[in-house]
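Some notes on the structure that comes next.
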Amino acid sequence: MKNNSSATFTELLNKYSLSSFPSEIDDEHGVRIYDETSLENRIAILSHYLHNPLYPVAKEDKNLLLSTVLDYIDSKKEICNESVDPNESITNQVSDCMPSLFADFFDVPFPNPSKSKFTFIDLFAGIGGIRLPFSELGYKCVFSSEWDKHAQKTYLANFGEMPFGDICKEATKKYIPKNFDLLLAGFPCQAFSIMGKMRGFEDTRGTLFFEVASILKHHRPKAFLLENVKQLTTHAHGETFQTILATLKELGYSYKWAVLNALDFGLPQKRERVIIVGFRDEGLIEEFDFSFEKSPYSLADILQNDEDVDASLFASDNILAKRRERTKHKDVFYPSVWHENKSGNISVLNYACALRTGASYNYLLINGTRRPSSRELLRFQGFPDTYKIAVSHSEIRRQTGNSVAVPMIRRIAERINNILVTHY
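Using my numbering, the first residue of the sequence shown is number 677, and each one after it goes up by one.
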């Protein structure tokens, strides 16, 4: 069964170790579309299999991948103190010694639990901001998908799992397990190709939301959590959002939605997002509500000491002099986050206006003297300091701008969990 034209398993692990993520497969768009026999696909299959050994692997994937797994395990048999029998179930032989054999996939800040009552899939996963609170609750991720190569690197470093690629491809969707309990998706707000006819599911074809809807239709999970920008509710005079809601109802889910602000969940950031929570069993949605007690925030808890921040993030003396001139009549207080727009106007706030994809570097100023560091940007979104930084500062700016307010999702996750635990 050995495929001599493919890299050996040892080479595969070396190539995809967390310390040397592949750069030669980058394309001009910064995305990866997995080919059936590519190393990219194999590492996604591998990491998902290692964390979910009880889920069946397709025959063609076994021929491609598992023979090299056996070879590798046999070469490391001293870890397991036993030889590998190719005729015996690989699951039985590997499960006890996987963490030692494949430390890169297990020695991470937020590992998948070995067992869990509830499972979920993470679509449009980004850097795992929606996944993280459910991981804290002990939920087990059985499938993830994210097509941005830098976000994949961050995700792998923190969860030990490489997400599969483009969820629009059947070659990706075929790896979704038949049964799981919860669907998570921070799907992008993509314009609908057919609008105004209100045909529900059919009106979503050609959009990224359609991929979410088709998975709900096929797999019928117990619940879902969807996240998007506030503007989704008013896009195309509200018709887009009404089509989404009509689709969810057509698929047999009852739901509630609300626009929530990160500022109310203990983060010094005015960031509004629409959240939709739904349940397959109609009566359960009545037990869920979006009324949360506001949590106080402290900007001081976000900021690092200046001496711990890279010197390149500080403004020059010339720029600082100009800012002092433009703010001399303003009430300046510290610590503070300044918002500097393109016209040169500066507002002095005690919270960040909002992290924006790629723009945070240009318009957020800490105390008017420097730009936020990578760790501060993650803290603005509520990621714990144990969260690994595995990419450049420019990528962290983009990733945090695309991510979610983790404390907001945490409060929602707790309420979803209470309902699922009570009824299942």
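C-beta: ideal position from N, C-alpha, C; glycine also.
Distance CB(residue i)-CB(residue j) smaller than 7 angstroms
i, j, result
"L859", "N1093", "no"
"V953", "L901", "yes"
"M838", "I1022", "no"
"S821", "I843", "yes"
"N834", "V784", "yes"
"T923", "A889", "yes"
"P809", "F941", "no"
"E962", "K906", "no"
"F819", "I852", "yes"
"L832", "F778", "no"
"A1081", "G1058", "yes"
"R1002", "G1044", "no"
"F964", "R1087", "no"
"F782", "Y815", "no"
"E1102", "S930", "Because the chain in this structure spans residues 677 to 1100, residue 1102 falls outside the shown range and cannot be described."
Top-ranked residue by Cα proximity to residue i, from the options
i, options, result
"E887", "F955, A861, H724 and K906", "A861"
"C817", "N937, P787 and R1074", "P787"
"K791", "G836, L730 and E948", "L730"
"H724", "A827, T848 and K825", "T848"
"Y1039", "G1077, G1058, S1068 and P1011", "G1077"
"D977", "P1060, P789 and I1085", "P1060"
"K825", "R1074, A1081, I1085 and R1091", "R1074"
"A934", "Q945, P944, K925 and V950", "V950"
"K970", "L943, D780, D986 and A987", "L943"
"A827", "G1058, K1064 and E1090", "K1064"
"Y973", "F1056, Q918 and K1004", "F1056"
"R1032", "S992, D982, K946 and Q918", "K946"
"K1004", "V1024, V985 and P897", "V1024"
"I891", "L921, K850, L960 and E903", "K850"
"P1011", "I1042, D982 and E983", "I1042"
Buried versus exposed call for residue i [16 or more other C-beta atoms within 10 Å across all chains shown]
i, result
"T910", "exposed"
"H894", "exposed"
"F1009", "exposed"
"H1099", "exposed"
"I1085", "buried"
"T883", "buried"
"S693", "Low per-residue confidence applies at S693: pLDDT is 45, beneath 50, and the placement is therefore not dependable enough to give any value."
"K829", "buried"
"D857", "buried"
"A987", "exposed"
"T1062", "exposed"
"D993", "exposed"
"S1070", "exposed"
"P1048", "buried"
"P789", "exposed"
Range of the contiguous beta strand (DSSP E) that encloses residue i
i, result
"K1004", "K1004 -> no beta strand (DSSP E), and no H or E assigned at all."
"V905", "A899 to V905"
"S820", "K816 to S820"
"F796", "T795 to L799"
"L858", "L858 to A861"
"K1024", "This sequence places Val at residue 1024; Lys is not what is there. Start and end: I1022 to L1025."
Limits of the alpha helix (DSSP H) - the one that residue i falls within
i, result
"R949", "Here R949 belongs to no alpha helix (DSSP H); instead the beta strand (DSSP E) covers E948 to F955."
"V985", "It is not in any alpha helix (DSSP H) - V985 carries neither H nor E in the DSSP assignment."
"Y831", "K825 to F835"
"K932", "From DSSP, K932 is part of no alpha helix (DSSP H) but of the beta strand (DSSP E) over S930 to N937."
"E963", "Looking at the DSSP string, E963 is not in any alpha helix (DSSP H), and its letter there is neither H nor E."
"H1069", "H1069 to N1078"
"S1050", "S1050 to F1056"
"I920", "E915 to E926"
"L1041", "Premise fails: L1041 lies in the beta strand (DSSP E), L1040 to I1042, not in any alpha helix (DSSP H)."
"V1013", "V1013 -> not in any alpha helix (DSSP H); beta strand (DSSP E) instead, spanning V1013 to E1016."
"D780", "A779 to F782"
"M1084", "V1082 to H1099"
Contact belief for residue i with residue j at Cβ below 8 angstroms, rounded distance in angstroms
i, j, result
"I1072", "L1054", "7 angstroms"
"G841", "S1079", "Actually they do not touch by this definition, with Cβ atoms about 19 angstroms apart."
"L996", "F966", "Not a contact, Cβ separation roughly 43 angstroms."
"V1013", "A1028", "5 angstroms"
"F917", "F863", "About 13 angstroms; that fails the 8 angstroms criterion."
"L939", "E1052", "In fact, because the Cβ distance is near 17 angstroms, the residues do not count as touching under 8 angstroms."
"N1026", "L975", "6 angstroms"
"G928", "R956", "7 angstroms"
"R1046", "V985", "6 angstroms"
Short CB-CB distance (under 7 angstroms) between residue i and chain B
i, result
"A938", "Going by chain labels, chain B is absent from the structure shown, which holds only one protein chain."
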